[in-house]
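Data first, discussion second: the structure below is written as structure tokens.
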Amino acid sequence: MRCEDAEELLLKQRDGGLSDVEARLLEEHVARCERCRRFRDALGKVDRFLEVERGAPPVVRDPFALWARVSGDLVQRESEHVEAEGESQAPRVLSAQWLRVNAVAAGVVAVVGLMVAYALWGRVTALRRDVTALRQATVRAPAREGRGSPSAQGAETREVAADLEQSGQLYRELADFYRVPVLWVAETEKGVEMKLASEPVRSASTGDAEVVLAVVTLRDTRAPSVRTAVRVTSRPGEHVTATLEGWRPAPGHWHLECVAAPTEQGEVDLGLTVRYADDAGQAALTTQATVSPGVFTELGSLQAADRIYEVEVVTQRSKVTGVGGRASAGGGTL
Amino acid sequence: MGDIRPRPVHQAQDGEREAVEALFRHFVGRVFATACRLTGNRADAEDITQETFIRAFRGIASFQHRSGFQTWLYRILLNVAQDFSRKRAKGAPESPVQLDEVESSLAASADGGPAERAGAEEERRLLRRAVGELPEQERVAVTLVYLDGMSCSEAAEAMRVKEGTVYWWLHEARRRLARRLRAQWESGDGSAGKG
Numbered sequence: 025m026r027c028e029d030a031e032e033l034l035l036k037q038r039d040g041g042l043s044d045v046e047a048r049l050l051e052e053h054v055a056r057c058e059r060c061r062r063f064r065d066a067l068g069k070v071d072r073f074l075e076v077e078r079g080a081p082p083v084v085r086d087p088f089a090l091w092a093r094v095s096g097d098l099v100q101r102e103s104e105h106v107e108a109e110g111e112s113q114a115p116r117v118l119s120a121q122w123l124r125v126n127a128v129a130a131g132v133v134a135v136v137g138l139m140v141a142y143a144l145w146g147r148v149t150a151l152r153r154d155v156t157a158l159r160q161a162t163v164r165a166p167a168r169e170g171r172g173s174p175s176a177q178g179a180e181t182r183e184v185a186a187d188l189e190q191s192g193q194l195y196r197e198l199a200d201f202y203r204v205p206v207l208w209v210a211e212t213e214k215g216v217e218m219k220l221a222s223e224p225v226r227s228a229s230t231g232d233a234e235v236v237l238a239v240v241t242l243r244d245t246r247a248p249s250v251r252t253a254v255r256v257t258s259r260p261g262e263h264v265t266a267t268l269e270g271w272r273p274a275p276g277h278w279h280l281e282c283v284a285a286p287t288e289q290g291e292v293d294l295g296l297t298v299r300y301a302d303d304a305g306q307a308a309l310t311t312q313a314t315v316s317p318g319v320f321t322e323l324g325s326l327q328a329a330d331r332i333y334e335v336e337v338v339t340q341r342s343k344v345t346g347v348g349g350r351a352s353a354g355g356g357t358l
Numbered sequence: 782m783g784d785i786r787p788r789p790v791h792q793a794q795d796g797e798r799e800a801v802e803a804l805f806r807h808f809v810g811r812v813f814a815t816a817c818r819l820t821g822n823r824a825d826a827e828d829i830t831q832e833t834f835i836r837a838f839r840g841i842a843s844f845q846h847r848s849g850f851q852t853w854l855y856r857i858l859l860n861v862a863q864d865f866s867r868k869r870a871k872g873a874p875e876s877p878v879q880l881d882e883v884e885s886s887l888a889a890s891a892d893g894g895p896a897e898r899a900g901a902e903e904e905r906r907l908l909r910r911a912v913g914e915l916p917e918q919e920r921v922a923v924t925l926v927y928l929d930g931m932s933c934s935e936a937a938e939a940m941r942v943k944e945g946t947v948y949w950w951l952h953e954a955r956r957r958l959a960r961r962l963r964a965q966w967e968s969g970d971g972s973a974g975k976g
């Protein structure tokens, strides 16, 4: 038997594919051929190696972040696609009508993506209902307000005397018209309040910017359905503040200040202050944390109006391209 | 490897967001593991996994249920990995295997004393490198069948070749790997290689 033939038989041997005669001839050859003995030993080590490797698969470290990236990219591409081609015939998965809201609203959509990720991993909370309702509202409701211009001096609060469903169209129109981020949306005694940023998130040179989308949630621990979500779109180091007035059921003065910056290690450095004040007193939570994008992180809690509110944040790093892309809306000339 | 029932796929094709999530959750682990093994690099594997799911979800309406969803998804994965590999070939050379947790788990599983463990670890590094240097089709076949646990039939569907071709590639891959290890022993002191 030649060595090449012996190799072939050794390779076949694992599957039990040798006849009695082949097995005997192989045994005789290997007994007197050191090189083929080495091949047999090496083949055994190879097969053992493959078994061990199979038993130790690489594990994805942060599926939350990966899902956030997948859903975020899908949403962004859909938005770009819709904007470029109008009503395309291309099949879509994440293509509810609300995606028509263009590149700026894609940021809002990204928040929904994060919410989806939240639910995906079994931590479904009532926060999601808000986002779903908001999404539906952006599609269904007729316009109720005319278009005004946000203040050039700073973010502007829009109080909408309507329920969430009815306010949706306005929300969409504002995002569409101004191409600016909506900083927060909250249920209030009056209905829904929204706060718009005064400028689009955009770098002067390229129209691109790496931003952090941070969704800060305040949740009443006794009534989890009572919550608000404050969305922050921040360039690195940029402070963003939000003020909530009359938010049920602690209708005092809520003030949130957030600064978020992406780190070189792929995380987000976050500084957050939440203050509450009413006639009975005041409370505050100030915290700093480095959080992983896509992962919901509890930052603490504070007591307000005899209730305890948990503060939680989830972030997403995102490349925003051409926000404020219409010539008339760029460069903070709103 | 378990495929998924058709229902979530149909629901995802109808645009149901929850079904899309369910598909992602079901397959993300194995897609990432395969991508990691194909590239030997965790960061690249994340990019490939991300792109695979994006392409899959964007094109899910075109999935016609002629094969299992997993097979269809893996075809996309292999295309993405191939594109990635081509881009890599034009730029920086592919980095060697960096699966640190695999390294550590293998080291922990080695028998014998420190010297034997060191030798065994050296052999594993050699074999891991050798797998990475196999001809592409053989490397993919080894990854799908021997490492990810697909059947040859499933791997053949994913690779769009006949089942016999996959068997041949696996056969050739084992030969190359064994010869490589033998050559290493023969170039060394000859003390290794005891079964």
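Sequence order for the protein chains is A and B.
Following our numbering, the numbering of the first sequence begins with 25 at its first residue and continues without gaps.
Following our numbering, the numbering of the second sequence begins with 782 at its first residue and continues without gaps.
Every residue, glycine too, gets a C-beta built ideally from N, C-alpha and C.
Query: Reference Arg839/B, options Gly930/B, Arg963/B, Phe805/B and Thr946/B, closest by Cα; Result: Phe805/B
Query: N- and C-terminal bounds of the alpha helix (DSSP H) containing Thr830/B; Result: Arg823 to Arg839
Query: Helix, strand or coil at Val84/A according to DSSP, with G and I counted as helix; Result: coil
Query: Neighbourhood of Ser934/B by C-beta distance below 6 Å, restricted to the same chain and skipping five residues each side; Result: Glu944
Query: Whether Thr321/A touches Thr287/A by CB criterion (8 Å); Result: no
Query: Extent of the continuous beta strand (DSSP E) to which Pro286/A belongs; Result: His277 to Pro286
Query: Selection of the stretch 835–859 of chain B by Cβ proximity to chain A, strictly under 8 Å; Result: Ile835, Phe838, Arg839, Gly840, Ile841, Ala842 and Ser843
Query: Contact list for the stretch 63–76 of chain A against chain B, Cβ threshold 7 Å; Result: Phe63, Asp65, Ala66, Leu67, Gly68, Lys69, Val70, Phe73, Leu74 and Val76
Query: Through-space distance from Gly969/B to Thr815/B, alpha-carbon basis; Result: 33 Å
Query: Residue from Glu291/A, Cys57/A, Ala66/A and Glu334/A with nearest C-alpha to Arg299/A; Result: Glu334/A
Query: Inter-residue Cα distance where the pair is Gly40/A and Leu34/A; Result: 10 Å
Query: Proximal residues to Glu291/A (C-beta, below 6 Å), its chain only, five neighbours per side dropped; Result: Thr314 and Ser316
Query: Identity of the residues DSSP links to Val337/A by a beta bridge; Result: Val240/A and Thr321/A
Query: Sequence-distant residues of its chain with Cβ nearer than 8 Å to Ala30/A (five each side left out); Result: Leu50, His53, Val54, Cys57, Cys60 and Phe63
Query: From Gln845/B, Arg798/B, Trp853/B and Ala922/B, residue whose alpha carbon lies closest to that of Ala94/A; Result: The identity of residue 94/A in the sequence shown is Val, whereas the question assumes Ala. Considering only alpha carbons, the answer is Arg798/B.
Query: Near-chain A residues of the stretch 935–951 of chain B - C-beta to any C-beta below 9 Å; Result: none
Query: Test: Asp29/A CB closer than 8 Å to a CB of chain B; Result: no
Query: Cβ contact (3+ pairs, closer than 8 Å) linking the stretch 862–870 of chain B and the stretch 900–908 of chain B; Result: no
Query: Own chain residues within Cβ distance below 7 Å of Ala307/A, not counting five before or after; Result: Tyr300, Leu326, Gln327 and Ala328
Query: Range of the contiguous alpha helix (DSSP H) that encloses Thr946/B; Result: Glu944 to Ser968
Query: Neighbouring residues, chain A, relative to Val809/B (Cβ below 7 Å); Result: Val84, Pro87 and Leu90
Query: Residues near Pro787/B in its chain [Cβ-Cβ closer than 7 Å; skip 5 each side]; Result: His846
Query: Sequence-distant residues of its chain with Cβ nearer than 8 Å to Glu919/B (five each side left out); Result: Trp950, Leu951, Glu953, Ala954 and Arg957
Query: Simplified DSSP assignment, three categories, for Ala803/B; Result: helix
Query: DSSP state of Asp293/A mapped onto helix, strand, coil; Result: strand
Query: Beta-carbon proximity of Leu854/B to Val812/B, cut-off 8 Å; Result: yes
Query: Proximal residues of chain A, C-beta to C-beta of Gly930/B below 7 Å; Result: Arg78
Query: Residues of the stretch 33–65 of chain A whose Cβ lies closer than 7 Å to any Cβ of chain B, in chain order; Result: Leu35, Arg62, Phe63 and Asp65
Query: 8 Å Cβ cutoff met for Val809/B and Leu90/A; Result: yes
Query: Neighbourhood of Val84/A by C-beta, 7 Å cutoff - its chain only, sequence neighbours within 5 removed; Result: Leu90
Query: Where Thr310/A falls: helix, strand or coil (DSSP); Result: strand
Query: CB contact below 8 Å: Pro81/A versus chain B; Result: yes
Query: Gln845/B in three-state terms, based on DSSP; Result: coil
Query: 8 Å Cβ cutoff, Cys933/B in contact with chain A; Result: no
Query: Alpha-carbon spacing of Arg856/B relative to Ala803/B, whole angstroms; Result: 19 Å
Query: Chain-ordered residues of the stretch 896–924 of chain B with a beta carbon less than 7 Å from chain A; Result: Glu904, Arg905 and Leu908
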